[in-house]
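Q: For the sequence shown, our numbering assigns the number 1 to the initial residue and increments by one for each residue that follows.
Cβ coordinates follow ideal geometry from the N, Cα and C atoms, glycine included.
This structure is a prediction, so every number in the text was calculated from the model and none was measured.
Can you keep this structure in mind? I'll have questions shortly.
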Amino acid sequence: MRSILTGAVLAVLSLSAQAYEFDFTARVTYTDGSLSGVSNDTVFSGHFLGSDPIVDALTLPAANGSFVSYSFQSGEVTANIAGHSVSAQNPGIVVIDNMGGNVEDGIDMASGHAMTLDGTVYDAGSFNFNLSTRHGNTGVIQGSELPNSIDVSAFDGPSSLTYGALRRDGKQTGTILSYQVLSVSVVPEPSALALMGLGLLPLIATARRRAQR
1 MRSILTGAVL AVLSLSAQAY EFDFTARVTY TDGSLSGVSN DTVFSGHFLG
51 SDPIVDALTL PAANGSFVSY SFQSGEVTAN IAGHSVSAQN PGIVVIDNMG
101 GNVEDGIDMA SGHAMTLDGT VYDAGSFNFN LSTRHGNTGV IQGSELPNSI
151 DVSAFDGPSS LTYGALRRDG KQTGTILSYQ VLSVSVVPEP SALALMGLGL
201 LPLIATARRR AQR
């Protein structure tokens, strides 16, 4: 019984480690030609993982909108672009809801520095994308929490505010490629009951074997 209770406690404690995770696909819209095999319309996939979110900045303007910036205790954004490997640590997320300007709702993903491309580390490199809606389109983001689902087709903002980029540095000539996000699929967190089950099942089986001896 003590072992079973211990397993239950461990399962509950595992809930305290929150993670935000999603997969995304994108299409290249510009390339500087430095990546072999990559051209306009090349489609690639990426993955975002951030653990234990922290609210870095929170604004509540008069229009009752919100701009919330999240960082994470640990995390990484990765992608494979026609065989080229991209990774960057310490990514963050910005959630924008009803801001009342040229951007109403939005999701911004930005990596921290540095960025690694095919084993080469760029200390000032970055990997990011922005999704935004036009003025008046306020129903896409609901609240300031990290969204459980992201419908890319609902973000109708102009291309200057809805795009992604891979950069070796912050200079004008530092853009390796730009891209359009095609889809984002948020990975759901396991429920408390499921985690409890994962913690209890092997211990229950052990208890049954002992009882049969």
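1) In whole angstroms, what separates the C-alpha of VAL121 from that of THR133?
2) Express the C-alpha separation of GLY112 and GLY125 in angstroms, rounding to a whole number.
3) Given that a residue counts as buried once 16 or more other Cβ atoms are within 10 Å of its Cβ, and exposed if not, what is SER191?
4) Look at PHE129 and ASP108 and say whether their C-beta atoms are less than 9 Å apart.
5) Assign SER85 to one of three DSSP states: helix, strand, or coil.
6) Within 10 angstroms of its Cβ, does LEU117 collect 16 or more other Cβ (buried), or is it exposed?
7) Determine the direct distance from the alpha carbon of VAL38 to that of ARG27, and round the result to whole angstroms.
8) By DSSP, does VAL152 sit in helix, in strand, or in coil?
9) Classify ALA62 as buried or exposed, calling it buried when 16 or more other Cβ atoms lie within 10 Å of its own Cβ.
10) Given ALA154, which residues of its chain have a CB within under 6 Å of its CB, disregarding the five upstream and five downstream residues?
11) Nearest-angstrom Cα distance between GLN73 and GLY83?
12) Inspect the beta-carbon positions of TYR70 and PHE48 and report whether they are closer than 9 Å.
13) For SER36, does the count of other Cβ atoms within 10 angstroms reach 16, so buried, or fall short, so exposed?
A: Straight from the coordinates:
1) Start at 1 with the first residue of the sequence shown, and residue 121 comes out as number 121. Start at 1 with the first residue of the sequence shown, and residue 133 comes out as number 133. Straight-line Cα distance between these residues: approximately 34 Å.
2) One-based indexing of the sequence shown puts residue 125 at position 125. One-based indexing of the sequence shown puts residue 112 at position 112. C-alpha separation (whole angstroms): 8 Å.
3) Position 191 of the sequence shown, counted from the first residue, corresponds to residue 191. With a pLDDT of 46 at SER191, under the threshold of 50, the modelled position of this residue cannot be trusted; read the value that follows with caution. SER191 comes out exposed.
4) Mapped onto the sequence shown, residue 129 falls at position 129. Mapped onto the sequence shown, residue 108 falls at position 108. Contact: yes.
5) Here residue 85 is taken as the residue at index 85 of the sequence shown, counted from 1. Three-state result, SER85: strand.
6) Translated into positions along the sequence shown, residue 117 becomes position 117. Answer is buried; the Cβ neighbour count reaches 16.
7) As a working mapping, residue 27 is identified with position 27 in the sequence shown. As a working mapping, residue 38 is identified with position 38 in the sequence shown. One C-alpha to the other measures close to 10 Å.
8) Locating residue 152 in the sequence shown gives position 152, where the first residue counts as 1. Looking at VAL152 - three-state DSSP - the assignment turns out to be helix.
9) The residue labelled residue 62 in the question sits at position 62 within the sequence shown. Only weak support is given to the placement of ALA62: the predicted model assigns it a pLDDT of 49, under 50, and the value that follows is read from those uncertain coordinates. Exposed is the call here.
10) The sequence position of residue 154 within the sequence shown is 154, counting from 1. Closer than 6 Å at the Cβ level, and outside the excluded window around ALA154, lie VAL140.
11) Taking the sequence shown and counting its residues from 1, the one referred to as residue 73 is at position 73. Taking the sequence shown and counting its residues from 1, the one referred to as residue 83 is at position 83. Going from the Cα of GLN73 to the Cα of GLY83 covers about 29 Å.
12) Counting from 1 along the sequence shown, the entry for residue 70 is found at position 70. Counting from 1 along the sequence shown, the entry for residue 48 is found at position 48. No, the Cβ-Cβ distance between TYR70 and PHE48 is not below 9 Å.
13) Sequence index remark: in the sequence shown, residue 36 carries index 36 (1-based). Label assigned to SER36: exposed.
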